[in-house]
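> By the working numbering, the letter at position 347 of the sequence shown is numbered 527, and the numbering carries on one by one without gaps.
Where is the CB? At the ideal position from N, CA and C, for every residue including glycine.
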Amino acid sequence: MAQRRVLRFGVIGAGLMGREFASAAMRWCHLDGLDFAPSIVAVCDVNERATRWFEDNVPTVERVTRDYHELLADPSVDAVYCALPHHLHARTYVDAIRAGKHLMGEKPFGIDEVANQQILAMCHENPEVLVRCSSEFPFFPGAYQIAKYVQEGRFGRLIEVEAGFWHSSDLNPDKEINWKRLVKTNGAYGCMGDLGLHVVHLPFRFGWRPRNVRAVLSNIVTERPDGHGGRVACDTWDNALLLCEAEAANGDRFPMTLSMKRIAPGHANTWFLRIIGTRFSVEYSTKNPKQLLTLRYQPGAAQSWEVTDVAHESAYPSITGPIFEFGFSDSILQMWAAFCDEVVNGVEMRQPMRCATPEETAQSHRLFTAALVSHATGETVSLLE
Ligand SMILES: NC(=O)c1ccc[n+]([C@@H]2O[C@H](COP(=O)([O-])OP(=O)(O)OC[C@H]3O[C@@H](n4cnc5c(N)ncnc54)[C@H](O)[C@@H]3O)[C@@H](O)[C@H]2O)c1
181 MAQRRVLRFG VIGAGLMGRE FASAAMRWCH LDGLDFAPSI VAVCDVNERA
231 TRWFEDNVPT VERVTRDYHE LLADPSVDAV YCALPHHLHA RTYVDAIRAG
281 KHLMGEKPFG IDEVANQQIL AMCHENPEVL VRCSSEFPFF PGAYQIAKYV
331 QEGRFGRLIE VEAGFWHSSD LNPDKEINWK RLVKTNGAYG CMGDLGLHVV
381 HLPFRFGWRP RNVRAVLSNI VTERPDGHGG RVACDTWDNA LLLCEAEAAN
431 GDRFPMTLSM KRIAPGHANT WFLRIIGTRF SVEYSTKNPK QLLTLRYQPG
481 AAQSWEVTDV AHESAYPSIT GPIFEFGFSD SILQMWAAFC DEVVNGVEMR
531 QPMRCATPEE TAQSHRLFTA ALVSHATGET VSLLE
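1. Does residue 289 come out as helix, strand or coil in the three-state DSSP assignment?
2. Do residue 362 and residue 415 have their C-beta atoms within less than 8 Å of each other?
3. Would you tell me roughly how many angstroms separate the C-alpha atoms of residue 510 and residue 264, rounded to the nearest one?
4. Give me whichever residues DSSP pairs with residue 523 in a beta bridge.
5. Between residue 494 and residue 377, which are expected to be in contact by the criterion C-beta below 8 Å, what is the C-beta distance as a whole number of angstroms?
6. Does the beta-carbon of residue 544, which I'm using as the reference point, lie nearer than 7 Å to any heavy atom of ligand 1?
7. In chain order, which continuous runs of the alpha helix (DSSP H) of length 4 or greater are located wholly inside the segment 229-306?
8. Is residue 236 near ligand 1 - that is, is its Cβ less than 7 Å away from at least one heavy atom of it?
9. Alpha carbon to alpha carbon, what distance is there between residue 522 and residue 216?
10. Within the same chain, show all residues whose beta-carbon is closer than 6 Å to that of residue 446, passing over the 5 residues directly before and after it, in chain order.
11. Which whole-angstrom value is the C-beta distance of residue 502 and residue 491, which I expect to be below 8 Å?
12. Taking all protein chains shown into account, do 16 or more other C-beta atoms lie within 10 angstroms of the C-beta of residue 418, making it buried, or fewer, making it exposed?
13. Buried or exposed, going by whether 16 or more other CB atoms sit within 10 Å of the CB of residue 287?
14. Determine the direct distance from the alpha carbon of residue 338 to that of residue 458, and round the result to whole angstroms.
15. From 525, 257, 213, pick the residue whose C-alpha is nearest to that of residue 571; which is it?
16. Measuring from the CB of residue 233, is there a heavy atom of ligand 1 at a distance below 7 Å?
17. If I'm right that residue 284 touches residue 314 with Cβ under 8 Å, what's the distance once you round it to whole angstroms?
18. Would you decide whether residue 352 is buried or exposed? Buried here means 16 or more other CB atoms lie within 10 Å of its CB.
19. For ligand 1, any of its heavy atoms closer than 7 Å to the Cβ of residue 281?
20. Determine the closest residue to residue 299 out of 269, 325, 323, 328, with distance taken between C-alpha atoms.
21. Just reading off the beta strand (DSSP E) that residue 222 is part of, what are its end residues?
22. Flag residue 316 as yes when its Cβ comes closer than 7 Å to any non-hydrogen atom of ligand 1, and as no otherwise.
23. I'd like to check one pair, residue 463 with residue 454: are the Cβ atoms closer than 8 Å?
24. Can you tell me whether DSSP reads residue 405 as helix, strand or coil?
25. Could you check the C-alpha separation between residue 276 and residue 531 for me, to the nearest Å?
26. I need the boundaries of the alpha helix (DSSP H) containing residue 372, first residue and last residue.
27. Measuring alpha carbon to alpha carbon, tell me which residue in 201, 546, 230 is nearest residue 424.
28. Jot down the residue ranges of each uninterrupted alpha helix (DSSP H) in the segment 427-510, minimum 4 residues, whole runs only, in chain order.
29. Just to check my reading of the structure: residue 347 and residue 420 have Cβ atoms closer than 8 Å, yes? What is that Cβ distance to the nearest angstrom?
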């Protein structure tokens with residue numbers, strides 16, 4: 181077998197997403213023909229149960245610590261994945277980049293715009309360090325195909341774009357409070373900080389810039405059980421609806437509706453993107469992850485939506501047959517392949533879908549900060565520089 185480059189990773193934050201990365205790293209054999217691979221050699225978490233899971237399940241782990249500085253000081257660690265509560269993003273990401281570790285961070289990439297700018301400043305000081313933010317949905321086959329359609333310029337004049345990420349894990353008012361439901365640890369953005377980057381990543385990647393935003397935010401469940409028999413305030417926004425006037429690189433302007441909902445009855449993890457153009461329209465939702473809807477239009481011809489079952493084909497070839505379904509953990513594996521590919525091959529990476537960039541997170545912070553102002557004032561807020 182050809183020599184492959186092994187990237188030695190540290191994981192800071194061994195919770196839900198830390199474990200997802202561990203699972204992806206350990207099923208790397210699922211990907212076909214890659215000459216690079218991650219190996220998780222160090223793990224940090226303040227919760228012993230979380231690190232024990234890694235010790236029990238990830239045989240490559242050599243170092244376990246409660247203090248992330250110790251992990252960053254290890255010269256044998258090439259890259260880190262930080263999957264921490266939002267109030268810890270700025271300090272850990274800044275320290276990781278300063279330590280020269282390639283960084284996959286998590287959204288919202290700083291609890292607020294100030295924190296995000298601190299991270300961006302450290303990125304600019306260390307251009308040799310690759311810094312990216314996790315965002316899986318572009319790697320679903322349907323979403324990946326849409327990116328190709330945009331690249332090919334199929335749509336004609338854009339009429340309207342709608343993107344959203346909806347779930348309903350907060351519908352149950354008896355669900356206990358946790359850090360994701362408190363402004364102190366989750367941030368003032370609420371559901372926008374949690375779900376927003378997933379929604380804006382592809383529109384921003386396509387060069388569609390919001391010129392302004394009118395936002396309506398909702399706090400539907402205002403208190404939750406505190407886990408000790410009492411109730412405590414749940415002060416984060418549950419749902420957000422953002423109507424933007426967007427502009428494409430060619431100057432076309434169109435309405436773009438972005439929605440992020442933690443309380444959308446009937447939805448478990450629904451990410452969708454609908455692009456309506458004068459010559460071509462497309463719609464994709466992870467609710468029906470195999471189905472891609474397209475509508476080709478020629479003047480005077482009939483208008484009919486076509487439904488295609490997309491093949492199991494994303495950014496990197498895998499051993500799975502094309503007829504089999506693709507899921508969330510597959511998209512995570514593909515995203516990690518993109519990150520490792522970019523660390524190893526830079527601009528020569530094998531395919532064009534790089535992970536979300538720090539600049540894209542900065543754009544998202546500008547939008548969400550403006551959305552907070554819009555909701556508070558009831559006015560449309562300009563995003564023009
Ligand atoms: N990309 C996605 O699809 C996706 C999905 C869920 C969450 N996220 C993001 O991932 C990040 C983590 O979310 P999660 O769901 O994994 O949360 P989680 O609560 O499951 O895990 C966070 C872990 O961080 C640990 N931790 C807290 N303080 C620490 C410290 N000072 N040092 C070391 N460890 C510490 C906690 O003990 C916990 O194990 C957040 O930014 C969240 O928005 C992304």
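So, from the listed chains and residues:
1. It is coil, neither helix nor strand.
2. Against a cut-off of 8 Å, the Cβ pair of residue 415 and residue 362 comes out as a contact.
3. Those two C-alpha atoms are separated by around 22 Å.
4. The partner list for residue 523 (beta bridge, DSSP) is empty, contrary to what the question assumes.
5. In fact, because the Cβ distance is near 19 Å, the residues do not count as touching under 8 Å.
6. No, since every heavy atom of ligand 1 falls outside the 7 Å radius drawn around the Cβ of residue 544.
7. Restricted to the segment 229-306, the alpha helix (DSSP H) segments that are unbroken, complete and at least 4 residues in length are 248-252, 269-278, 293-305, listed in chain order.
8. Incorrect: residue 236 has no Cβ contact closer than 7 Å to ligand 1.
9. Their Cα atoms are separated by approximately 10 Å.
10. Cβ neighbours of residue 446 beyond the five flanking positions: none.
11. Sure, about 4 Å apart at Cβ, within 8 Å.
12. In summary, residue 418 is buried, with 16 or more beta-carbon neighbours lying within 10 Å of its beta-carbon over all protein chains present.
13. Buried, because 16 or more other Cβ atoms sit within 10 Å of the Cβ of residue 287.
14. Our two residues, residue 458 and residue 338, have alpha carbons roughly 7 Å apart in a direct line.
15. With the chain running from 181 to 565 in the structure shown, residue 571 is simply not present.
16. Not one heavy atom of ligand 1 lies closer than 7 Å to the C-beta of residue 233.
17. Right, the Cβ-Cβ distance comes to about 6 Å (below 8 Å), so this counts as a contact.
18. It is exposed - the Cβ of residue 352 has fewer than 16 other Cβ atoms within 10 Å.
19. It does not: the Cβ of residue 281 is nowhere closer than 7 Å to a heavy atom of ligand 1.
20. Considering only alpha carbons, the answer is 269.
21. Start and end: 216-224.
22. Between ligand 1 and residue 316, a heavy atom-to-CB distance of less than 7 Å is present.
23. Cβ atoms of residue 454 and residue 463: closer than 8 Å.
24. DSSP places residue 405 in the strand class (E or B) of the three-state scheme.
25. Roughly 27 Å between the two C-alpha positions.
26. Where residue 372 is concerned, the enclosing alpha helix (DSSP H) stretches over 371-385.
27. Answer by Cα proximity: 546.
28. Inside the segment 427-510, DSSP marks no whole alpha helix (DSSP H) run of 4 or more residues.
29. Rounded, the Cβ-Cβ distance is 13 Å, inconsistent with contact.
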